[in-house]
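The next block holds one structure in the form of C-alpha cells; read it before the comments.
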C-alpha cells in the first residue's frame, strides 16, 4: 500500500514539475524515487498484510511484492534508457513522465489486488495513460491511428472484463477473491452456467490485454504506430502487469476448475505460440517483428496458467523478467539505431557491429535470450517452463512450444545476421550518453549472469 | 394478458436477458458501425448494460457493493471516453473525417 501511495505521489510531483519549474531535474528525481520505492517494496517481504479489512481490497503477499519489484525495476530501466528520446524536445517530459508513473501505479494495483473492483481499476489506471501516450505524436497519422486502435480495443476489452465480473458477482454475491474461491471450492461439482460464462468473458477481457490469440490483432498495429520507447513500455511493463493480474485472478479464485478451463487456456496458448512465431517470421519492420515476438512469448507465459501452484508463479516471474529485460534492451537499441537512420526496416541493423560494437553485442545478447539459447536467462526461463509442464504431463503443448521456439530462432537470427553479415559504407557511430551506455552493458551482463546462476530467482517464491 | 405481465415483470432472469441483449447490441455496434462517434456510443451502451445488470444483482443479493461498483464504472467510463474524444479530435484535425475507414495505414 505504501508503494502505491508513494508511486501515485511521484506521478503527481512529475505532473506539477512544469508548474513549479523543476522540469530539468525531474529525471534525477524520478530515478532516485523509484529506487526508494523499490526498497520500500522489498522491505515488506514476508509480511502478508490485508488492507481495508472489511472488504479486502488490497492484499500484499510475497507474490505481489516480487511482481511489484519487477515492475518498478522495469520502470527504472525504462526511465534510464528512454532518457535520449526526451532530449530531442519532441515530447513534453513532465506530461510523459507523469503518465508513465500513473501507468506503473495501475500495474502495481494489478499485482496486489484482492477484489475484482481493484482488478478493474488497476487495468484502467494502467491503460488510460497509455491511450494518450500512444497518440503523443499529434501530427503523425500512424500515431493517431495507433492511439485510436489501442483505445477502442482497450475499451472493448474492458466491456467484456466487466461483464465477466458482473456475472461472477451475480453467482457468488461478492467481488472478494477469497469469497469467490470459497464458493468455487464449495460448489465445484455443480457450478452454474453463468459462472462459466463469466470466466469466459474474463478470459476474453484479459486475453486482449496480454495479446493472446485470437485477441492479438491490435498489438502489431499499435506497436508500430506508437513512439518507440512508448512501445517498449507497452511491450514490457504493461504485459508484465497484465500477466501478474491474470495469474493472480486464476491462481486465487479458480485453481480447481478442471478440464474445460485447461483446454481453453491450453488451446489459446498453443495457438498464440504458433501464430505469433509464424507471423513474426514474415515481418521486415523491426517494431512489428518485436510485436509478434511479444505475442509468441505471451503464448509461453499463458502456459504457466495451466499449472497453478507456487512453482508456476515463480516460473512466471522468471520468464516475465527475462522476456521484459531482453525486450526493453532490444527496443532501446532499436530506438537509437532507427533514430539515426530514420527508418524501421530490418536493414538499419546492417553493419552495426562495425560501427557500434557495444550496441551490436547487447542486441545479440537480447535476441539470444528471446530465442532461448544458453547461457542467457531466456534459455533457463524456457527450461523451467517446460520442466513444469512435463511434470504435469502436458507433452503435446511442450512439443508445440519447442516447434515455436525453433521457428523463432529464424527471425531473431535474421536481426543478428544483419548486424554481423553485411557492411555498409557510411556507417557512423551513434552517440549515446555515458549513463545509457553503462546501463545497456549492465542489462546485458544481468541477462548473462542470471542465465548462469538462475537459482536465486527460481527459488524466490517457492517456499 | 396475465402471462404477458408475468413475462415482463422485473425479475432477475428478465434483467439478465435484457442486459445481455443490450450488451450484444453494443458489441455489434462496435464491430459493424464505421462512424467513430457511434462506436464510442456503442461502448457506452456496453458499459451501461453492465451497470444495469450489476444493480439488478446487487438488489437480488441484498448487498450494496454492486451498486458501489456502478459508480466506479461510471467514473472510469467518463475518464476513458474523455481520452477517446480527445483522440478523435486529433484524428479529425489530421484527416478531416470521423470515419474508421480513413485509418488504414498500419498493416503488413
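Chains as they are written, first to last, in my numbering: chain A, 19 to 481; chain B, 22 to 129. Even for Gly, the Cβ is constructed at its ideal location relative to N, Cα and C.
> Which residues in chain B sit within 7 Å of residue 153/A, going by Cβ to Cβ distance?
Replying inline: Under the 7 Å cutoff, chain B gives 108, 111.
> Applying the criterion that 16 or more other CB atoms from any shown protein chain within 10 Å of the CB defines a buried residue, is residue 194/A buried or exposed?
Replying inline: buried
> Got a sec: which bits of the region 176-187 of chain A sit with their beta carbon under 9 Å from any beta carbon on chain B, in order along the chain?
Replying inline: 176, 177, 178, 180, 181, 183, 184, 185, 187
>> Does chain B have any CB closer than 8 Å to the CB of residue 149/A?
In response: yes
> Just how far apart, CA to CA, sit residue 115/A and residue 32/A?
Replying inline: 6 Å
> Using a Cβ-Cβ cut-off of 8 Å (strictly less than) and excluding sequence neighbours within five positions of residue 48/B, which residues of its own chain qualify?
Replying inline: Excluding sequence neighbours, residue 48/B sits near 63, 67.
> Measuring CB to CB, does residue 423/A end up less than 8 Å from residue 400/A?
Replying inline: With respect to residue 400/A, residue 423/A sits close: the two C-beta atoms are nearer than 8 Å.
> From which residue to which residue does the beta strand (DSSP E) around residue 68/A run?
Replying inline: Following the DSSP letters along the chain, one finds residue 68/A inside the beta strand (DSSP E) bounded by residues 67-69.
> Of all the CB atoms in chain B, is at least one closer than 8 Å to the CB of residue 205/A?
Replying inline: no
> By DSSP, does residue 82/B sit in helix, in strand, or in coil?
Replying inline: helix
>> Under 8 Å, Cβ to Cβ, is there at least one residue of chain B near residue 130/A?
In response: no
>> Rounded to the nearest angstrom, what separates residue 188/A and residue 39/B at their Cα positions?
In response: 15 Å
> Taking just the CA atoms, how far does residue 256/A sit from residue 101/A?
Replying inline: 19 Å
> So which residues on chain A does residue 119/B lean against when the C-beta distance must stay under 9 Å?
Replying inline: Within chain A, no residue comes near residue 119/B; the closest Cβ sits about 10 Å away, beyond 9 Å.
>> For a quick check, are the C-beta atoms of residue 336/A and residue 96/A less than 8 Å apart?
In response: Remark: C-beta atoms of residue 336/A and residue 96/A do not approach each other more closely than 8 Å.
> Below 8 Å between beta carbons: does that hold for residue 403/A and residue 396/A?
Replying inline: Cβ distance not < 8 Å, so residue 403/A and residue 396/A don't count as in contact.
>> Taking its Cβ as the centre, do 16 or more other Cβ atoms sit within 10 Å of residue 236/A, making it buried, or is it exposed?
In response: Residue 236/A is buried by the Cβ-count criterion.
>> I'd like the ranges of any alpha helix (DSSP H) spanning at least 4 consecutive residues and lying wholly in the region 238-320 of chain A.
In response: 246-251, 257-271, 277-298
>> Tell me which residue opens and which closes the beta strand (DSSP E) that residue 434/A is part of.
In response: First-last for residue 434/A: 413-439, but that is the alpha helix (DSSP H), not the beta strand (DSSP E).
>> Which residues in chain D have a C-beta closer than 8 Å to the C-beta of residue 62/B? List them in chain order.
In response: Going by chain labels, chain D is absent from the structure shown, which instead holds the protein chains A and B.
> Going along chain A in order, which residues have a C-beta closer than 7 Å to the C-beta of residue 126/B?
Replying inline: Correct list: 159, 160, 163.
> What separation, rounded to the nearest whole angstrom, lies between the Cα atoms of residue 43/B and residue 456/A?
Replying inline: Roughly 56 Å separates the two Cα atoms.
> Which residue spans inside the region 97-164 of chain A form an unbroken alpha helix (DSSP H) run of at least 4?
Replying inline: 111-130, 134-152
> What is the rounded straight-line gap between the Cα of residue 355/A and the Cα of residue 84/B?
Replying inline: Going by C-alpha positions, residue 355/A is about 57 Å away from residue 84/B.
> Assuming residue 90/A contacts residue 117/A under a Cβ cut-off of 8 Å, what Cβ separation, rounded to an integer in Å, is found between them?
Replying inline: Wrong, their Cβ atoms sit about 17 Å apart, outside the cutoff.
> What's the gap between the Cα of residue 21/A and the Cα of residue 59/A?
Replying inline: 6 Å
> Under the rule that 16 or more other beta-carbon atoms within 10 Å means buried, what is residue 312/A, buried or exposed?
Replying inline: buried
>> Check for me: the beta strand (DSSP E) holding residue 77/A runs from which residue to which?
In response: 76-78
> How would you write the range of the alpha helix (DSSP H) that residue 365/A sits in, first residue to last?
Replying inline: Where residue 365/A is concerned, there is no enclosing alpha helix (DSSP H), given that its DSSP letter is neither H nor E.
>> For a test of the three-state rule: what should DSSP assign to residue 194/A, helix, strand or coil?
In response: strand
>> Tell me which residues share the same chain as residue 416/A and place their Cβ nearer than 7 Å to its Cβ, disregarding the 5 neighbours each side in the sequence.
In response: 404, 407, 408
> If you measure from the beta carbon of residue 174/A to each beta carbon in chain B, is any gap under 8 Å?
Replying inline: yes
> Do you know offhand how far residue 105/A's Cα is from residue 245/A's?
Replying inline: 14 Å
>> Beta carbons nearer than 7 Å to chain A: which residues of the region 62-95 of chain B have them?
In response: 64, 67, 68, 71, 74, 75, 78, 82, 84, 86, 87, 90, 93, 94
> So, helix, strand or coil for residue 32/B, using DSSP?
Replying inline: DSSP, read as helix, strand or coil, puts residue 32/B in coil.
> Closer than 8 Å, CB to CB, is residue 142/A near chain B or not?
Replying inline: yes
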